[in-house]
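Chains A and B are the protein sequences, given in the same order. Just so we're aligned, residue 463 is where the first sequence starts under the numbering used here, counting upward by one. Just so we're aligned, residue 315 is where the second sequence starts under the numbering used here, counting upward by one. Below is one structure, written out as structure tokens; comments come after it.
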Amino acid sequence: MVVATLKRLTAGPRPVAIVLLLLFASLYLMSAATQNTAQFSRVYSLLLAINVAALLMLVTLIIRNLVSLLGQYRRRMPGSRLTMRLVIMFVVLAVAPVSVVYYFSVQFLQRGIDSWFDVRVERALEDALELGRTALDSRLRESKQLTRQFAIELIGVPESLAAIRLNELRQHGRALEMTLLTSHGRIIASSSADPADIVPSTPNLSVLLQLRQGLDYAAIEPVADGLQVRVVVPVSEGVTSDPKLLLVIFPIDERLSTLGESVQDAFAQYKELAYLRQPLKFSFTLTLSLVLLLSLLTAVWAAFFSARRLVEPIRDLAEGTRAVAAGDYDMRLPLPGRDEIGFLVRSFNEMTRKIALSRDQASRSQRQVEAQRAYLETVLARLSSGVLTVAADGSIRTSNTAAAQILGLAPSAFEGATLQTLAACHAGLTPLTDKVADFMAENEGEWHVEVTLFGPGGRQILICRGSSLPDIGEMQGGQVIVFDDVTALIQAQRDAAWGEVARRLAHEIKNPLTPIQLSAERLRHKYLKRMSPEDAEVLDRSTHTIVQQVESMKEMVKAFSEYAHTPVVRLAPMDLNMLVKEVAELYRADRRMQLNLDLATRMHYVEADAVRMRQLLHNLLKNALDVAPPDGTVQVRVTTKCGDTGCRHVELRVEDDGPGIPEEMLGHLFEPYVTSKPKGTGLGLAIVKKIVEEHGGMLAAHNRPEGGAAISVRLPMGTQDGARGMRQPTEQRA
Amino acid sequence: MAFITRASPRSSRARLRVWGLCLFALLGLVSGVAHAARFEVHSASTSLVNQVYVLNAGISYEFSERALNALANGVPLTLRMDITIEHERNWWPDSTVAELEQRYQLQYHALSGLHVLRNVNSGASEVYPTLRGALYALGDVRDLPVIDEKLLDGDARYIISIRVQLDIESLPSPLRPFAYITPAWWLSSDWYTWSLRP
């Protein structure tokens, strides 16, 4: 508290101004002392020391300021250059006029002091002194003569009567004091005009020495109240006796004494002044120099102070600007005053305040946007539909978890990806990326398409809906794509439809077949024996045909029933090559078929139902066998291989060298009841297709360029750990 | 009973003064102004007269040309005689018992051609026809009362010091800055010390 108060009191210009005022007062006193003013003369040296010390302090202060400023200048601190410039300007402005004034003041001072002294005045004073001496000399001679007479008259006077005689002589000679002494200065007798003067004056040692040399002593002596004549002469009473001394003090006429003292004072003063001419010049010049230095140093200090005061708000502004540039908008600068700089600082503070408000507002908005984004991401993550946003340049900007799941990708696969890179890395997605790219190229507003993919998860049917994004920001020209995996749904619908058809067909046909067959057999049994051989042959042949065709139709109905039946698929890891070999062995004996196997050397286990797969192989091989010429053989080649790199699916291919598939049937070869053969139900390949779909596989048929047909079955690889599972066909893709 | 010791080491304070004077002399040498003028206390002693210790001393004053010139031109010169009496103690710093300052003013009276010597302390003045006579009288200190016997401890030992110097502060103020920086004005004697055992 005390320290803070002291700091407050000693800070700022006020204490310095007070110190400077005191210094100026001290200088004034010193100047007065120089002129011999008695009351200040005693403290002259002290004042001089104080002023010199103060000047040294000021010099120290200024050097410290200068060093500090130079340091700031070298460090290129904001405001240092302006401060330096202002200081130099102030100093130059202060030094120039003060130096001129100082020069002329010193000149005036020197000449002024010199003008005090004049040879004529000095001569006149010396003459006056000489005149005074001359005037006093006559009095001195008279006194000396009178004293000698008194000395003669005292010869022979006994010491006991000496006092009386001295008194008589003193009164006679109008002397102030008369004393008779021994040659060593001991008083024998004395007489004084002043009764209060009880101690008679005695000659000092110097006078005694002069008298011992036989010389009289007579002198005009200054005393407190003027001048007086002192004469000391020996009183000789013979060679043998000890000589005595007579000291007489005579008064000097008051008028003469006053004039003499006046002349003495004036002469002494002038003489002293003349002697002190150089010291006076030095002293005045010193005082003037101190005043000048004090003024100059004060001006320099004031220059530092003013420059600092002026530059301080500018420096604050520079630092504030830096802080704002660095992102600190909370900085408030101290107001320097109500001037233009103060207005500038106020404007700066207002600006930073508004920027801070805007920043806070922007921050709030950003938080809101982030919250909305998080909300949107949460919503998107919970969607079962895949959502992608694609920018105009094909880069994928947004994706949800469902999109990655549906497409069988890791969620990070979309980061920084484009449609092109996605297609390059995942060839199975090419139909989707191509479709999207096509729609984007056509700049379709809204579109809807069904895309079939074949990836590691097998065949997938996606329903894609696209829409152009609003023309705002960087997503201008982009598209949002929402897609659903409807594979399972479509298959279920198709299966259900075909199942219903097969069931109805079987039901409607199967019911009349047995009565037809029974009726035909009854006709044959009843009328065959009764008829003529020619009629009996006709009847036999007809009934036989009816029964045979009914049997055939029953077989067909049975096949439909089997198709309509949806058995439980029991998935288990199985060796496809082994299965192919087992089934192929059954057909080795058939001479109509020449079977060649080309099985992959390293085949992984396939997750499949072995019974259904066996049926699939039988159907395919039977289908190939059906194209064999009546007396010839058909070359059948069964191939297994890994479908692509990494062996994410396996491919089973059955080729024959038959007539191939008619072009018009290629589009719906795998639909039920489609066949080019005279015999057969037309359900063989439909069942194959059904089995393949039950396993999530894909089926394709095409004619070989060298002749014959080729049917490819792609089956997805099962999970590596060979997890067993049971699933209904309709639930495979759910 | 008084024991006289010439320039004996007196106390730490005295040593400091000696060092100060050495520095002073060094400054004088540095300034390049050599001057033969000096004051010297040749002898000093105290004796008991009527239960008062009085000082008798012999001092020589030799002024510099500059000082003599100033005197001849009417500038009064003030001489200061400093006398200190200290109680010498074995295990403690010496304590000052008394300090005396005797001032004399010497001035030339142009009208009479005499030199006036005034005792500033008493106001008494004497005139001398010659400067030499005045300086002789100034240097011949006789029976100057210093201290009452009662103020001194009979069992103690005392150190008495005397020094004379020209009082620059009594010079006219314009002359003082010059005097402070001119060795010709630095007129002072060494401390002369002796012991006193009452």
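Think of the CB as a built atom: it goes at the ideal place given N, C-alpha and C, for glycine as much as any other residue.
Excluding the 5 residues flanking residue i on each side, which residues of the same chain have their C-beta closer than 8 Å to its C-beta?
i, result
"R1053 of chain A", "T1095"
"Y679 of chain A", "P665, V669, Q672, L673, R692, V693, V694 and V695"
I want to see whether chain B comes within less than 8 Å of residue i, judged by CB atoms only; does it?
i, result
"N513 of chain A", "no"
"Y737 of chain A", "yes"
"G594 of chain A", "yes"
"I403 of chain A", "Since the first residue of chain A shown is 463 and the last is 1196, residue 403 of chain A is not available in this structure."
"G647 of chain A", "no"
"G722 of chain A", "yes"
"A624 of chain A", "no"
"F552 of chain A", "no"
"K606 of chain A", "no"
"Y506 of chain A", "yes"
"A730 of chain A", "yes"
"L510 of chain A", "yes"
"E734 of chain A", "yes"
"L571 of chain A", "no"
"L725 of chain A", "What sits at residue 725 of chain A in the sequence shown is Val, not Leu. Yes, contact with chain B."
"L638 of chain A", "no"
"L673 of chain A", "no"
Once the 5 residues before and after residue i are set aside, which same chain residues still bring their CB inside 6 Å of it?
i, result
"A493 of chain B", "I482, L485 and W499"
"L385 of chain B", "L391 and Y422"
"Y1135 of chain A", "G1144"
"G939 of chain A", "A854"
"V1154 of chain A", "L1161 and V1175"
"S652 of chain A", "T641 and P662"
"T732 of chain A", "Looking at the sequence provided, one finds Tyr at residue 732 of chain A rather than Thr. Excluding residues within five positions, the ones whose Cβ falls inside 6 Å are L587."
"P775 of chain A", "P798, I803 and V807"
"G434 of chain B", "One detail in the question is off: residue 434 of chain B reads as Val in this sequence, not Gly. R417 and Q419."
"F712 of chain A", "S605, A637 and V691"
Let me see if you follow: with CB-CB separation under 8 Å, is residue i close to chain A or not?
i, result
"V389 of chain B", "yes"
"V455 of chain B", "no"
"A384 of chain B", "yes"
"F338 of chain B", "In this prediction, F338 of chain B scores a pLDDT of 49, lower than 50, which makes its location untrustworthy; the coordinate-derived value is nonetheless stated afterwards. Not an interface residue."
"V344 of chain B", "Confidence is the limiting factor: at V344 of chain B the pLDDT is only 44, short of 50, which leaves the residue's position unreliable and the question unanswerable from this model."
"W500 of chain B", "no"
Which same chain residues, not among the five before or five after residue i, have their C-beta less than 7 Å away from its C-beta?
i, result
"R1176 of chain A", "F916, G1105, H1111, E1113, G1159 and M1160"
"L485 of chain A", "N513, A516 and L756"
"F579 of chain A", "A736 and R739"
"I971 of chain A", "M1015 and V1019"
"A1046 of chain A", "L1057, L1059 and V1100"
"P1121 of chain A", "V1089"
Name the one or two DSSP bridge partners that residue i has.
i, result
"T360 of chain B", "B:L369"
"V852 of chain A", "A:I858 and A:Q941"
"G688 of chain A", "A:V685"
"W508 of chain B", "B:I474"
"S374 of chain B", "B:E354"
"S502 of chain B", "B:Q479"
Indicate, with yes or no, if the ligand MG has a heavy atom lying under 7 Å from the CB of residue i.
i, result
"I803 of chain A", "Absence of the ligand MG is noted for the structure shown, with no ligands found whatsoever."
>> Tell me which residues of the stretch 435 to 453 of chain B have at least one Cβ-Cβ distance to chain A shorter than 9 Å, keeping chain order.
In response: G437, S439, E440, V441, Y442, P443, T444, R446, G447, A448, Y450 and A451
> Which residues, in order along the stretch 470 to 498 of chain B, keep a beta-carbon less than 7 Å from a beta-carbon of chain A?
Replying inline: E483, P486, S487, P488, L489, R490, P491 and F492
>> Give the list of continuous beta strand (DSSP E) stretches no shorter than 3 residues that lie fully inside the stretch 919 to 983 of chain A.
In response: 920 to 930 and 941 to 947
> In the stretch 368 to 379 of chain B, which residues sit with their C-beta less than 8 Å from some C-beta in chain A, listed in chain order?
Replying inline: none
>> Any C-beta of chain B within less than 8 Å: which residues of the stretch 656 to 671 of chain A qualify?
In response: N666, L667, S668, V669 and L671
> Taking only runs of the alpha helix (DSSP H) that begin and end inside the stretch 857 to 922 of chain A, which ones reach a length of at least 4 residues, in chain order?
Replying inline: 863 to 869, 881 to 887 and 892 to 904
> What alpha helix (DSSP H) runs, 4 residues minimum, are completely inside the stretch 606 to 669 of chain A?
Replying inline: 621 to 635
> Which full runs of the alpha helix (DSSP H) of 4+ residues lie inside the stretch 1061 to 1087 of chain A, going along the chain?
Replying inline: 1072 to 1087
>> Restricting to runs no shorter than 3 residues, where is the beta strand (DSSP E) found entirely within the stretch 1098 to 1178 of chain A?
In response: 1111 to 1118, 1160 to 1165 and 1171 to 1178
> the stretch 422 to 436 of chain B: which residues have C-beta closer than 7 Å to a C-beta of chain A, in chain order?
Replying inline: H423, A424, L425, S426, L428 and V430
> Which ranges would you report for the beta strand (DSSP E) in the stretch 388 to 471 of chain B if only whole runs of at least 3 residues count?
Replying inline: 391 to 402, 409 to 423, 428 to 433, 439 to 442 and 454 to 462
> Between the stretch 739 to 753 of chain A and chain B, which residues of the former have a C-beta closer than 7 Å to a C-beta of the latter?
Replying inline: P741, L742, F744, S745 and L748
>> Can you pull out the residues from the stretch 690 to 710 of chain A whose beta carbon lies closer than 7 Å to at least one beta carbon of chain B?
In response: none
>> Extract the residue ranges of the beta strand (DSSP E) inside the stretch 977 to 1036 of chain A, only unbroken runs of 3 or more that lie entirely within it.
In response: 1031 to 1036
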